[in-house]
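As structure tokens, the structure follows; a few thoughts come after it.
Protein chains: 4
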Amino acid sequence: MSLTEEQRAEIAAHGQEVSSTLRPTVPALEAMLYQPLEVLDHGFLRVIDYMGDDGAIVQAARVSYGRGTRKVTEDAALIRYLMRHRHSSPFEMCEIKFHVKLPIFVARQWIRHRMASVNEYSARYSILDNEFYLPAPEHMAAQSEVNRQGRGETLAPQAAAEVLDILRGDALRTFGDYERLLDEKEGYGLARELARINLTLNTYTQWYWKTDLHNLMHFLALRIDPHAQYEIRVYAEEMLKVLHAWVPQTAAAFEEYRRGAVTFSATMMSVLRRMLAGEVVEQAASGLSRREWDEMQASLKG
Amino acid sequence: MSLTEEQRAEIAAHGQEVSSTLRPTVPALEAMLYQPLEVLDHGFLRVIDYMGDDGAIVQAARVSYGRGTRKVTEDAALIRYLMRHRHSSPFEMCEIKFHVKLPIFVARQWIRHRMASVNEYSARYSILDNEFYLPAPEHMAAQSEVNRQGRGETLAPQAAAEVLDILRGDALRTFGDYERLLDEKEGYGLARELARINLTLNTYTQWYWKTDLHNLMHFLALRIDPHAQYEIRVYAEEMLKVLHAWVPQTAAAFEEYRRGAVTFSATMMSVLRRMLAGEVVEQAASGLSRREWDEMQASLKG
Amino acid sequence: MSLTEEQRAEIAAHGQEVSSTLRPTVPALEAMLYQPLEVLDHGFLRVIDYMGDDGAIVQAARVSYGRGTRKVTEDAALIRYLMRHRHSSPFEMCEIKFHVKLPIFVARQWIRHRMASVNEYSARYSILDNEFYLPAPEHMAAQSEVNRQGRGETLAPQAAAEVLDILRGDALRTFGDYERLLDEKEGYGLARELARINLTLNTYTQWYWKTDLHNLMHFLALRIDPHAQYEIRVYAEEMLKVLHAWVPQTAAAFEEYRRGAVTFSATMMSVLRRMLAGEVVEQAASGLSRREWDEMQASLKG
Amino acid sequence: MSLTEEQRAEIAAHGQEVSSTLRPTVPALEAMLYQPLEVLDHGFLRVIDYMGDDGAIVQAARVSYGRGTRKVTEDAALIRYLMRHRHSSPFEMCEIKFHVKLPIFVARQWIRHRMASVNEYSARYSILDNEFYLPAPEHMAAQSEVNRQGRGETLAPQAAAEVLDILRGDALRTFGDYERLLDEKEGYGLARELARINLTLNTYTQWYWKTDLHNLMHFLALRIDPHAQYEIRVYAEEMLKVLHAWVPQTAAAFEEYRRGAVTFSATMMSVLRRMLAGEVVEQAASGLSRREWDEMQASLKG
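Residue numbers (the working numbering), protein chains in the order written: chain A, 1 to 302; chain B, 303 to 604; chain C, 605 to 906; chain D, 907 to 1208.
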């Protein structure tokens, strides 16, 4: 992560203005507020603001007048019930806002989640920094042979080093040219909105991103998944830590009913019933394709 | 407004749990937090939570690291610029949550605003209170003759009293029957989800409603309008007061560029140019329909 | 269902204007177009327009230039894959529009699905017909004792008849008063937007409702569920027939991977693994609550 | 535009499957169906499907049973009324789907419109073509000095040629390296999802993009604007032609009430009233900033 002195000072100053509030407040999340969580080589994730807590979900579900006087265990049970039965609207009652620094190709995946608000740093208006993502050698992997959109074996050290040289070389060259295109004295004074088209997709951008708790969990469910690209998954993993700090009961229910849950199709259910009745079912007689059969067996092994 | 003692106590207790926070905090809105603002005969509006302030809009627009060190006048100028040019995304960075008690027919108009989250009190699950909206005599108006969806003259006192009797009588009778349908001992023990279908549309319901600042202003622009039905407009008017307390710079820009602004069509613009050139334009030669002509003249008079 | 002669004639005329088109066309759905499918005592559902077919989903998923030359079995396999892995965006590429006549209390549940477009008949602008929903005796049920938002036993015939009298009596009276409030000569000439507040929630309204295939299936998954209120479930059941006529491969995948699928929580999965390993697991030692245990056992029995 | 023979054949075949339909059909749009409209150097826009026409808007606004028997002039008047008063829901009842080939930096602006469905060609799954956007000399402009996010003077021919060389050189090199990274035999067999991060932002991508008529007009209003970047504006201009072919009455109303309309702020309105009263108002005494004053004068000149 590469913050300038000035940026660190701004963040530090911001994190010292304490106010009194009657709003629900979460000390564990206050402790994380504004602090950058490092992701990838130059990226970060910072919680900028939040609204609501576990209690706010319960309060909305009950449409109650006060904070509620129920016991903690009752609240947790209600949250589990809501999560289990996919009653999503009470979870929409909490909101969180992040400042994220991320490579453009990650931003392009991320933005596909439409139920969020975004303010991105504008390269039409401003000049980008010379920062681009370069994979660490251990994440430099060959195309998967079984999964058309996945990674397979890690590259041999020598190959990884050569790939790194290519990526770094191209990023440096295109960025250098970007600066030359922009430069009004030594270069061409080209409009920013045009010069930026020369940058590579691993260039870092940043944005403010805000969503509600329901949509945050939907994002997490999709992006923590092992099939998600590594470079977005690491952001999701940091956000999952934020989730546990912010709304611990909801996070526990999320682990139980969403992340750790398994869905079986109608045919899988009939296979399962046969297995539980003692039958030894084989794929050929299961009604499942080879791929679905394998997925089912993997789920049952855990 | 009819809050029970218990409800008042819950609200009072809720309003005394002070916490420390590093989040942006707005004292003028904190002072209103949880307190019911009375609307109509039994309705209310309460601010339950909020996220962000005027500064948060500026911060998001600039994608800045800290709170920003610019002057207040610069911030106000940026907010005015954003509002004027309909850059809506920075306003989406603030969020507010209300608890609202409102007649069902108002709820049906309100819910048409989809960019919001809602948790409504469930009449499948719970039993509604015997509360229904009855218009005050001065709002008891005849069908407008010029506007098919508006009100005209106020009814004469005698007629208004008779209408009130009819509305009250029907609401009392249907509610009494609702109770009889539900009653397991003296009545029929009918399922709640069925019994409620007997209630009239002026019965009060309540919900938690949460939206972002951009969509709140869109709601206000439509519902403060004199063409909005009186019974929803009074809620919008209370919300406008909340807007001014919460984000005074944004509220000022809203008054200047949205609420007080006038849009002229292409043809109106050509009429306007002729007028400014000294020509005396008449409707017949204006290219405008009679209705549009009248609207334009009304706007110019102010 | 109560259509006037004039309405029937309008529908019939509409259904005879044949055009040539290059767009994907589904004969089975064309055969249903404009025809009212009866629902409840006076309600209906009509398909007014549609866009796309099974092939359009495949085409979008492949971002292809033409209609695609793949075999039908390959297309079906891709659709199954997309459904199984919750790749929802290709399903958003199909769209359908309905004209629905439905009781207001059903409309209030329905509108909670925000990812749709709605144009409702306006009772501010027009006068409603004297039509209201009355449950058939076999759907007149007592409050459930196990499910706070459900129905239990059917009422005894005598009680059902009495309940019906109450509901009918109140609806007739409030509608009669509605007419009297509106009547400019014999009544009060009250504004329509006010008079309507006297109507009961079982009064019929109607709307045009349009959504995409992904959101249609989401609606169906929630509203076909046995826990949905009967009066909205019957609409969902008619829509499911439309789904099968329109996109048969997608509908088959929906039955397999959504409607017939079962999701087990993390704890349920560990119980399942123990059971498959031959252990006799009891609820007390399962880590599941009684309710979750029962739900799991019910799923395993099918 | 660079379509392969195979792609042209697929498009041609697609455009010959004529069906009969009872749905509203627009001959002028049928004539454009599937045909690529060229945009920029390698981009295009193709209408893939549509739903509804001008009549469908009127039908939804009236919630009518048939196609409606009103006169064309009445329909046009209603459409004008709906547009003028921002009654947007009837316009949501029409839908259109495009296949678009566009540079990635344009795609990044475009995707900010969230009220649409998108299926993009996946560079995780497939390999991109060697196609990138290079501005024509007449669009190669210097940074604007008055508008921080705009273009100023066109570059001198020699400078434009040099800039072109830089952009072309970098795009060719990074694409060559992309191929080398991917190549399993002569290169590194790097995973596609990683190799693509080396591409520049002017690389072409493509997607299926679907939205409703209301949101299409919102997109057009923002992207046809002279302040929009040239490279997205040219797509909007082609879409505007599609709009006129598809829904001519709506398109005419759009030109009159949206594109050709001008909005004056509260302060501008007071200035206007003074001017119409014969006063010679100067900026200093207007209450307007210099920039707003200039904007107002420009609007009045037309």
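Where a beta carbon is used, it is the ideal one built from N, C-alpha and C, also for glycine.
Which residues in the same chain have their Cβ closer than 8 Å to the Cβ of residue i, if we skip the five residues on either side of it in sequence?
| i | result |
| --- | --- |
| residue 224 of chain A | 233, 236, 237, 240 and 259 |
| residue 688 of chain C | 857 and 861 |
| residue 1050 of chain D | 1056, 1057 and 1058 |
| residue 1111 of chain D | 1007, 1008, 1009, 1010, 1013, 1026, 1027, 1029 and 1034 |
Does the Cβ-Cβ distance between residue i and residue j come in under 7 Å?
| i | j | result |
| --- | --- | --- |
| residue 669 of chain C | residue 954 of chain D | no |
| residue 927 of chain D | residue 629 of chain C | yes |
| residue 37 of chain A | residue 133 of chain A | no |
| residue 791 of chain C | residue 784 of chain C | yes |
| residue 1083 of chain D | residue 170 of chain A | yes |
| residue 124 of chain A | residue 906 of chain C | no |
| residue 903 of chain C | residue 875 of chain C | no |
| residue 997 of chain D | residue 1119 of chain D | yes |
| residue 433 of chain B | residue 344 of chain B | yes |
| residue 802 of chain C | residue 474 of chain B | no |
| residue 681 of chain C | residue 853 of chain C | no |
| residue 740 of chain C | residue 815 of chain C | no |
| residue 495 of chain B | residue 833 of chain C | yes |
Counting only the same chain and skipping the five closest in sequence on each side, list residues whose C-beta sits under 7 Å from that of residue i.
| i | result |
| --- | --- |
| residue 547 of chain B | 330, 331 and 334 |
| residue 443 of chain B | 453, 454, 455, 456 and 457 |
| residue 999 of chain D | 958, 962, 963 and 966 |
| residue 742 of chain C | 758 |
| residue 585 of chain B | 592 and 595 |
Ignore the nearest five residues each way along the sequence and tell me which others in residue i's own chain have a CB closer than 6 Å to its CB.
| i | result |
| --- | --- |
| residue 1011 of chain D | 1107 |
| residue 118 of chain A | 207 and 209 |
To which residues does DSSP link residue i through a beta bridge?
| i | result |
| --- | --- |
| residue 648 of chain C | C:642 and C:705 |
| residue 1116 of chain D | D:1003 and D:1023 |
| residue 142 of chain A | D:1096 |
| residue 695 of chain C | None, per the DSSP bridge assignment. |
| residue 957 of chain D | D:1001 |
| residue 456 of chain B | B:443 |
| residue 564 of chain B | D:1170 |
| residue 925 of chain D | C:625 |
| residue 1106 of chain D | A:200 |
| residue 507 of chain B | B:404 |
| residue 434 of chain B | B:505 |
Following a CB-centred definition, is residue i positioned closer than 6 Å to any heavy atom of the ligand ATP?
| i | result |
| --- | --- |
| residue 404 of chain B | Summarising the ligand content, the structure contains no ligands, and the ligand ATP is consequently not present. |
Going along chain B in order, which residues have a C-beta closer than 8 Å to the C-beta of residue i?
| i | result |
| --- | --- |
| residue 747 of chain C | 484, 486, 491, 492, 493 and 494 |
Strictly below 8 Å CB to CB, what residues from chain A border residue i?
| i | result |
| --- | --- |
| residue 1035 of chain D | The contacting residues do not exist; residue 1035 of chain D stays about 16 Å from chain A at best. |
Please list, in chain order, the chain C residues whose beta carbon lies closer than 7 Å to that of residue i.
| i | result |
| --- | --- |
| residue 1024 of chain D | 693 |
Show which residues of chain D have a CB atom less than 8 Å away from the CB atom of residue i.
| i | result |
| --- | --- |
| residue 133 of chain A | 1103 |
Starting from the beta carbon of residue i, find every residue of chain D whose beta carbon is closer than 7 Å, and list them in chain order.
| i | result |
| --- | --- |
| residue 665 of chain C | 1025 |
Output, in chain order, the set of chain C residues within a Cβ distance shorter than 9 Å of residue i.
| i | result |
| --- | --- |
| residue 973 of chain D | 614, 617, 618 and 621 |
Identify the contact partners of residue i in chain B, using a Cβ-Cβ distance below 9 Å as the criterion.
| i | result |
| --- | --- |
| residue 24 of chain A | 319, 321 and 351 |
Please compile the residues from chain B whose C-beta is within a distance smaller than 7 Å of the C-beta of residue i.
| i | result |
| --- | --- |
| residue 715 of chain C | 413 |
**Report entry** Within 7 Å of chain A by C-beta, residues of the segment 877–906 of chain C in sequence order
**Finding:** When C-beta distances to chain A are compared with 7 Å, the residues of the segment 877–906 of chain C below that value are 877, 879, 880, 904 and 906, in chain order.
Query raised in the report: Any residues in the segment 682–713 of chain C with a beta carbon nearer than 8 Å to a beta carbon of chain D? Which ones, in chain order?
Result: Listed by position, the residues of the segment 682–713 of chain C near chain D (Cβ gap below 8 Å) are 693, 694, 696, 697, 699, 701 and 703.
Query raised in the report: Which residues, in order along the segment 329–340 of chain B, keep a beta-carbon less than 8 Å from a beta-carbon of chain A?
Result: If the cut-off is 8 Å between Cβ atoms, the segment 329–340 of chain B has 332, 335 and 336 near chain A.
Requested in this report: Could you please tell me which residues of the segment 1–18 of chain A, in chain order, have their CB closer than 7 Å to any CB of chain B?
Outcome: Under the 7 Å Cβ criterion, the segment 1–18 of chain A contributes 7, 10, 11, 13, 14, 15, 17 and 18.
Report task. Return the residues of the segment 647–659 of chain C that lie within a Cβ-Cβ distance of less than 9 Å from chain D, sorted by chain order. Result -> Cβ contacts with chain D: 650, 652, 653, 654, 655 and 656.
**Report entry** Proximal residues, the segment 508–521 of chain B versus chain A, C-beta separation under 7 Å
**Finding:** Per Cβ criterion, the list reads 508, 509, 510, 512 and 514.
Query raised in the report: What residues in the segment 188–204 of chain A bring their beta carbon closer than 7 Å to a beta carbon of chain D?
Result: Answer in chain order: 188, 189, 190, 191, 192, 193, 194, 196, 197, 198, 199, 200, 201 and 202.
Requested in this report: Return the residues of the segment 1056–1078 of chain D that lie within a Cβ-Cβ distance of less than 8 Å from chain B, sorted by chain order.
Outcome: Correct list: empty, as no residue qualifies.
Query - Members of the segment 229–255 of chain A near chain B, C-beta cut-off 8 Å - result: Shown here is that no member of the segment 229–255 of chain A has a Cβ falling below 8 Å from a Cβ of chain B.
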